[in-house]
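Undergrad: Numbering (my numbering), first residue to last: 3 to 98. Backbone N, C-alpha and C fix where the C-beta goes; we use that ideal spot for every residue, glycine too.
#1: Based on the DSSP secondary-structure assignment, which residues constitute the bridge partners of residue 8?
#2: Output yes or no for whether 8 Å exceeds the beta carbon distance between residue 11 and residue 21.
#3: By the DSSP assignment, the alpha helix (DSSP H) with residue 164 in it spans what residues?
#4: From residue 42 to residue 4, what does the alpha carbon distance come to, in whole angstroms?
#5: Can you grab the Cα-Cα spacing for the pair residue 79 / residue 86, in whole Å?
#6: Does DSSP classify residue 40 as helix, strand or coil?
#7: Reducing DSSP to helix, strand and coil, say where residue 66 ends up.
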């Protein structure tokens, strides 16, 4: 623990985790590892504001902000890959 490899969350109040440094991850070829806590990706309030701007009403509950979706796509895909949204098919009509 003296070398700072064991962390107990950001506020020292959660279960212990082994810390890996970015240069170690990169040397292993792991350059797209997301942090355990996604930061600066917006909130459902941001998602709601985006929906209201597009549809002029709040027609979905707890929409994800586009900033979160962009971050998740960045972590899980390559630039040359095509991302398709199949979940839109499941909901034909917006919630009232």
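TA: Checking against the coordinates, here is how it stands:
#1: To locate residue 8, count along the chain shown from 1; it is residue 6. Beta-bridge pairing links residue 8 to 20.
#2: As a working note, residue 11 is residue 9 in the chain shown. As a working note, residue 21 is residue 19 in the chain shown. No.
#3: The structure shown has nothing for residue 164, since the chain only spans 3 to 98.
#4: Residue mapping note: residue 42 aligns to position 40 of the chain shown, counting from 1. Residue mapping note: residue 4 aligns to position 2 of the chain shown, counting from 1. In a straight line, the C-alpha of residue 42 is about 30 Å away from that of residue 4.
#5: Taking the first residue of the chain shown as position 1, residue 79 is located at position 77. Taking the first residue of the chain shown as position 1, residue 86 is located at position 84. When rounded, the distance between both Cα atoms is 12 Å.
#6: Sequence index remark: in the chain shown, residue 40 carries index 38 (1-based). Coil, per DSSP.
#7: Looking up residue 66 in the chain shown gives position 64. Correct three-state label for residue 66: coil.
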